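Below is one structure; the comments refer to it alone.
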Amino acid sequence: MPTYRGRALPRPHEDVVDQGLGFDMATMVGRRRVLRALGLGTVAVGLAACGAGAGSATATTSTGEVPDETAGPYPGDGSNGPDVLSESGVVRSDIRSSFGSSSGTAEGVPMTLDLTISDLAAGGSAFAGAAVYVWHCSREGGYSLYSEGVEDQNFLRGVQIADASGKVRFTSIFPACYAGRWPHVHFEVYPDEAAIADAANAVATSQVALPQDVCEVVYAEPGYEDSVGNLADVSLSGDNVFGDDGGALQLATATGDVTAGYAVSLAVGVDTGTEPSGGGGPSR
Numbered sequence: 551m552p553t554y555r556g557r558a559l560p561r562p563h564e565d566v567v568d569q570g571l572g573f574d575m576a577t578m579v580g581r582r583r584v585l586r587a588l589g590l591g592t593v594a595v596g597l598a599a600c601g602a603g604a605g606s607a608t609a610t611t612s613t614g615e616v617p618d619e620t621a622g623p624y625p626g627d628g629s630n631g632p633d634v635l636s637e638s639g640v641v642r643s644d645i646r647s648s649f650g651s652s653s654g655t656a657e658g659v660p661m662t663l664d665l666t667i668s669d670l671a672a673g674g675s676a677f678a679g680a681a682v683y684v685w686h687c688s689r690e691g692g693y694s695l696y697s698e699g700v701e702d703q704n705f706l707r708g709v710q711i712a713d714a715s716g717k718v719r720f721t722s723i724f725p726a727c728y729a730g731r732w733p734h735v736h737f738e739v740y741p742d743e744a745a746i747a748d749a750a751n752a753v754a755t756s757q758v759a760l761p762q763d764v765c766e767v768v769y770a771e772p773g774y775e776d777s778v779g780n781l782a783d784v785s786l787s788g789d790n791v792f793g794d795d796g797g798a799l800q801l802a803t804a805t806g807d808v809t810a811g812y813a814v815s816l817a818v819g820v821d822t823g824t825e826p827s828g829g830g831g832p833s834r
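Its first residue numbered 551, the sequence shown is counted upward by one per residue in my numbering.
Shown next as structure tokens:
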């Protein structure tokens, strides 16, 4: 009889995420970080048990679990030096400017980023109340808190709390393409706002891949000159993060133009019933 963490699977021919509500609840209860957010978890499970369907305002859809990826050397979450998540004011929707004692602003083509978070361990229902931390490089390719010249800035970093539909929205600028990496945005998902106090509480760490056609248009704009050659030297399939599957579950959609800005969106499926494997690592 197939087992998972010493427990027999009630549906031995199905995936772990398809073992039924009772199995999911037992798995969730066994995890420290989900217990910390028990109020949220029971609401999500309760909605699934009551038959919340695709038409429900609390339901989201996802094609699978977003791959766990490295947080890179510039996370700013306390796991590698600076910890922006401990600062008052980090929960915000507009991340273009620094906050607290810093006052710089990142320039670039406007971009909004919508991430819709669902919990596969709760039947794919909306992960309402989840805290999503987003960070990415500047138009010049540098990361605040780390890169030369912006070590004293904390722009292009922020946290939003998912609404009833599991959605968060950030107002930012379109990031550069720097040497060796496909254009991307980093993010971490936490069970709730209180959990961001410790990076180890993240239930998922991943990256959003940006569409090539939009990148090419944006990088023709002033300030993105270095990105033109960098983009020409990389490919989505050859990237050391997205290359495994060409970013199948991480490639965002984007609409808009360079004047009004771009709306970038991605549905993100996370599984609170499995142990996350992302975070840390040398990849940028």
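Note that the Cβ used here is the ideal one computed from N, Cα and C, for glycine as well.
Remember, predicted model here, so these are calculated numbers, not experimental data.
The ligand MG heavy atom lying under 8 Å from the CB of residue i
i    : result
N630 : In terms of ligand content, the structure shown is empty, and the ligand MG therefore cannot be addressed.
C-alpha gap between residue i and residue j, whole angstroms
i    : j    : result
P632 : V814 : 28 Å
V579 : G823 : Summary for V579: the model assigns pLDDT 38, below 50, so the residue's position carries little reliability, and this model does not support an answer.
A752 : A745 : 8 Å
V709 : R646 : 13 Å
D705 : S648 : One point to set straight first is that residue 705 is Phe, not Asp, in the sequence displayed. Whole-angstrom Cα-Cα distance: 4 Å.
I667 : W685 : 17 Å
V659 : G819 : 28 Å
G716 : S629 : 26 Å
T809 : E766 : 15 Å
L695 : A681 : 21 Å
G699 : G673 : 46 Å
G605 : A729 : Any answer about G605 is weak, because its pLDDT of 32 lies below 50 and its placement is not dependable; what the coordinates show is given next. Spanning the two alpha carbons is a distance of roughly 43 Å.
D807 : D702 : 31 Å
S636 : D664 : 24 Å
P761 : E743 : 30 Å
V791 : A621 : 11 Å
Residue burial classification, residue i (beta-carbon count within 10 angstroms, cutoff 16)
i    : result
D763 : exposed
E619 : buried
D789 : buried
D821 : buried
A770 : exposed
G829 : buried
G614 : exposed
D783 : exposed
D644 : exposed
A712 : buried
D794 : exposed
A747 : exposed
V802 : Position check: residue 802 holds Ala in this sequence, whereas Val was assumed. Classification of A802: buried, given that the 10 Å Cβ count is 16 or more.
A714 : exposed
Chain-order list of residues whose beta-carbon lies under 6 Å from that of residue i (same chain, five-residue window excluded)
i    : result
Y693 : Y624, C687
S777 : A726, C727, Y769
A656 : R646, S688, F705, L706, I723
A749 : D627, G628, S629
Own chain, CB closer than 8 Å to residue i, minus 5 neighbours either side, in chain order
i    : result
T662 : R719, F720, T721, S722, G811, Y812, A813, V814
E690 : A726, G773, D776
V616 : A754, S756, L799, Q800, V818, G819, V820
Close-in-space but distant-in-sequence residues of the same chain around residue i (CB under 7 Å, 5 per side omitted)
i    : result
A797 : The sequence shown places Gly at residue 797, not Ala. Closer than 7 Å at the Cβ level, and outside the excluded window around G797, lie A759, L786.
P826 : D618, A752, V753, A754, T755
W732 : A759, V784, L786, D789, F792
*How do the segment 625-642 and the segment 732-747 stand: do at least 3 beta-carbon pairs fall below 8 Å, yes or no?*
yes
*Quick one: any contact between the segment 668-679 and the segment 639-659, if contact means 3 or more CB pairs under 8 Å?*
no
*Quick one: complete alpha helix (DSSP H) runs, 4+ long, within the segment 761-790?*
762-768, 775-782
*Residue ranges of each beta strand (DSSP E) run of no fewer than 3 residues wholly in the segment 735-763, ordered along the chain?*
754-759
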